[in-house]
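Okay, structure first, notes after.
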Amino acid sequence: GQQLNQSPQSMFIQEGEDVSMNCTSSSIFNTWLWYKQDPGEGPVLLIALYKAGELTSNGRLTAQFGITRKDSFLNISASIPSDVGIYFCAGHYGGSQGNLIFGKGTKLSVKP
Amino acid sequence: DTEVTQTPKHLVMGMTNKKSLKCEQHMGHRAMYWYKQKAKKPPELMFVYSYEKLSINESVPSRFSPECPNSSLLNLHLHALQPEDSALYLCASSRASSGPTGNTIYFGEGSWLTVV
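So the sequence lines, in the order shown, correspond to chains A and B. One gets our numbering by counting positions in the first sequence from 1 and adding 660 to each. One gets our numbering by counting positions in the second sequence from 1 and adding 198 to each.
Below, the structure is given as structure tokens:
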């Protein structure tokens with residue numbers, strides 16, 4: 661079946677540092693979504709990508725839809741303590757609404 | 199703030215109880231979802247309703263029974279659950295329109311379920 665490889669699994673960084681995480685797949689996707697989940701809460705949509713090569717920013721966050729349509733990355737610039745949480749990528753490979761695959765998540769810890 | 203509202207936020211139930219989780223969205227979305235999430239894991243799809251009709255059931259045990267009374271509401275009825283069913287249950291919605299943007303899913307804050 662479809663699988664997404666998300667890396668790294670976890671990151672420990674200093675406040676103010678930049679962060680980069682990515683997701684790759686052997687399959688083509690037509691939508692990439694990036695979510696952040698705080699403890700005890702539901703995932704919050706950060707960025708949605710719909711076209712190969714698309715580069716989209718949301719404040720300090722930037723994400724790109726890979727040209728091959730098999731990968732995506734998320735960058736966070738100048739990290740702050742509230743960036744702590746688990747970041748999930750998700751890719752939709754078309755067809756029915758249920759065809760959304762999640763990565764296993766990247767847990768981000770920020771040291772003040 | 200999420201526009202998908204779930205109640206209750208926390209629920210503790212015994213294995214013989216019957217309870218329900220409720221979800222509401224007012225974004226005009228026509229697809230609604232139930233996901234189950236265990237600690238440190240990604241969400242797992244349980245059910246999808248598209249235009250108020252059940253379109254996907256991911257082989258979920260019958261002790262979980264979904265219901266979609268109208269395009270804004272989604273319920274998950276729970277009966278005779280097991281302790282291993284304890285998890286965060288997430289409701290979500292999407293536009294369901296054709297094209298990639300129709301598949302962008304928005305989650306609620308979740309309902310924490312503990313089965314004792």
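Where is the CB? At the ideal position from N, CA and C, for every residue including glycine.
| Asked | Found |
| --- | --- |
| Alpha carbons only, please: which of B:Ser296, B:Cys266, B:Gly297 is nearest the one belonging to B:Leu219? | B:Cys266 |
| For a cutoff of 8 Å on Cβ pairs, would you count B:Phe305 as touching chain E? | Protein chains in the displayed structure are A and B, and chain E is not among them. |
| Any contact between the segment 274 to 281 of chain B and the segment 222 to 230 of chain B? By contact I mean 3 or more CB pairs, one from each, below 8 Å. | no |
| Could you tell me if A:Ile727 is buried or exposed, where buried requires 16 or more neighbouring beta carbons within 10 angstroms of its beta carbon? | exposed |
| Whole angstroms is fine: what's the gap from A:Cys683's alpha carbon to B:Leu311's? | 30 Å |
| Quick one, which of A:Pro699, A:Ala723, A:Met671, A:Ser685 has its alpha-carbon nearest A:Leu693's? | A:Ala723 |
| Consider the Cβ of B:Leu243: report whether some Cβ of chain A lies at a distance smaller than 8 Å. | yes |
| So what's B:Pro298 in DSSP terms, helix, strand or just coil? | helix |
| Provide the residue span of the beta strand (DSSP E) that contains A:Asp731, from first to last. | 731 to 736 |
| Examine chain A for any beta-carbon lying closer than 8 Å to the beta-carbon of B:Val246, and answer yes or no. | yes |
| Measuring alpha carbon to alpha carbon, tell me which residue in A:Leu760, A:Ser742, A:Ser687 is nearest A:Pro772. | A:Ser742 |
| Per DSSP, A:Met671 forms a beta bridge with which residues? | A:Leu768 |
| Quick one: using the 10 Å Cβ neighbour count with 16 as the cut-off for buried, is A:Gly700 buried or exposed? | exposed |
| Looking at A:Asn735 and B:Pro298, is the spacing between their C-beta atoms short of 8 Å? | no |
| For A:Gly751, would you say it is in contact with chain B, using Cβ-to-Cβ distances shorter than 8 Å as the test? | no |
| Can you tell me where the beta strand (DSSP E) holding A:Met681 begins and where it ends? | 679 to 684 |
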